[in-house]
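Structure, as structure tokens:
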Amino acid sequence: MPFLISKFYYMKKVVFFICLVCILLSCKTTALQVANVAKSTISRPKSNMEFIGCKNISRSNFLLKGIGSELEYRNIASDTSILYRGIYSETELVTYQSQKRYVTYIDVNKHVYKQDDDVHSNGDMYVAGLVIGGLTAFTLVPVYVPLLCASQKNDCEITLNVEYTIVVYDNKSKRNVCTYPIIVDVKDLHTGKFAHKKTNQTEVNEHYRTILFNAILDEYAKAWDYVDTLPR
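Per this note's numbering, numbering of the sequence shown is gapless, rising by one per residue and ending at 296.
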């Protein structure tokens with residue numbers, strides 16, 4: 065009988081050790097990587113608008129930073145956003161002295177960009193608790209570290225959810241002549257962690273910045289085309 069008890073005791077140790085190794089191996093996280101996104105090739109023969117900036121968002125927002133330069137590079141609108149300090153409204157633009165007949169800005173209605181490295185932790189904590197709780201009862205030893213570790217998954221959910229409106233104002237008629245909505249709703253589940261020390265966060269941010277810029281350029285091309293049809 066003592067032999068059987070001793071044998072059972074060591075079997076419990078072996079089972080626990082195997083479970084512990086498996087759980088710890090599952091805890092390993094990796095760097096997050098994203099694929100390259102092709103940049104829009106949209107351009108126009110000459111700019112027919114003046115871009116004065118973005119309303120309802122900081123000028124230093126890194127996702128939108130440089131959109132004026134991009135519009136100027138594509139010959140859609142000349143960029144004077146760095147100089148403009150007025151209010152983005154028809155009332156303000158009535159007195160604004162522009163070198164272009166059309167003045168445009170982006171009205172930011174919604175802007176969400178976030179990375180969630182803990183997207184699965186809560187649900188998995190419950191499942192891990194059931195599994196490891198059973199192991200604890202069987203082995204009669206504490207397993208607090210594996211429990212915490214098993215709750216972590218090697219996933220990251222990145223959300224880009226924006227709603228903008230392109231507004232184009234006509235200096236001749238003294239009114240807004242057109243608006244174009246920009247809606248981007250992306251939610252990606254990636255393998256790897258954004259906060260991992262080997263994740264190239266600049267590369268990840270640039271990936272989503274390119275998605276956003278492509279959407280903006282698509283709608284600005286439509287605005288350019290419409291303005292170009294208006295009587296001179």
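All residues carry an ideal CB built from backbone N, CA and C; glycine is no exception.
Between the options, which has its C-alpha nearest residue i's C-alpha?
| i | options | result |
| --- | --- | --- |
| Ile170 | Cys242, Lys261, Tyr272 and Thr93 | Cys242 |
| Leu281 | Ala141, Thr94 and Leu224 | Ala141 |
| Thr155 | Arg123, Val268, Arg239 and Thr263 | Arg239 |
| Tyr152 | Val232, Phe258 and Cys220 | Val232 |
| Leu147 | Lys262, Tyr137 and Tyr160 | Tyr160 |
| Asn173 | Thr229, Thr144, Tyr137 and Leu127 | Thr229 |
| Thr144 | Ser111, Phe126 and Val183 | Ser111 |
| Val299 | Arg165, Ile121 and Asp219 | Look at the range of the chain in this structure, 65 to 296, and you will see that residue 299 is not part of it. |
Using DSSP with H/G/I as helix, E/B as strand and the rest coil, what is residue i?
| i | result |
| --- | --- |
| Ile170 | strand |
| Leu224 | strand |
| Glu283 | helix |
| Asn235 | coil |
| His175 | strand |
| Asn278 | helix |
| His260 | coil |
| Met266 | Per the sequence shown, the amino acid found at residue 266 is Thr instead of Met. If DSSP states are grouped into helix, strand and coil, Thr266 belongs with the helices. |
| Thr255 | strand |
Alpha carbon to alpha carbon, how far is residue i from residue j?
| i | j | result |
| --- | --- | --- |
| Ile222 | Pro295 | 45 angstroms |
| Asn235 | Ala102 | 36 angstroms |
| Asp292 | Phe115 | 16 angstroms |
| Leu135 | Pro109 | 12 angstroms |
| Gly150 | Val158 | 11 angstroms |
| Arg123 | Asn278 | 19 angstroms |
| Asn304 | Asn269 | There is simply no residue 304 to check, as the chain begins at 65 and stops at 296 in what is shown. |
| Thr266 | Cys118 | 22 angstroms |
| Asp181 | Tyr272 | 17 angstroms |
Touch test, the segment 285–292 against the segment 116–132, Cβ-Cβ under 8 angstroms, three pairs minimum: no
Residue ranges of each alpha helix (DSSP H) run of no fewer than 4 residues wholly in the segment 84–149, ordered along the chain? 131–137
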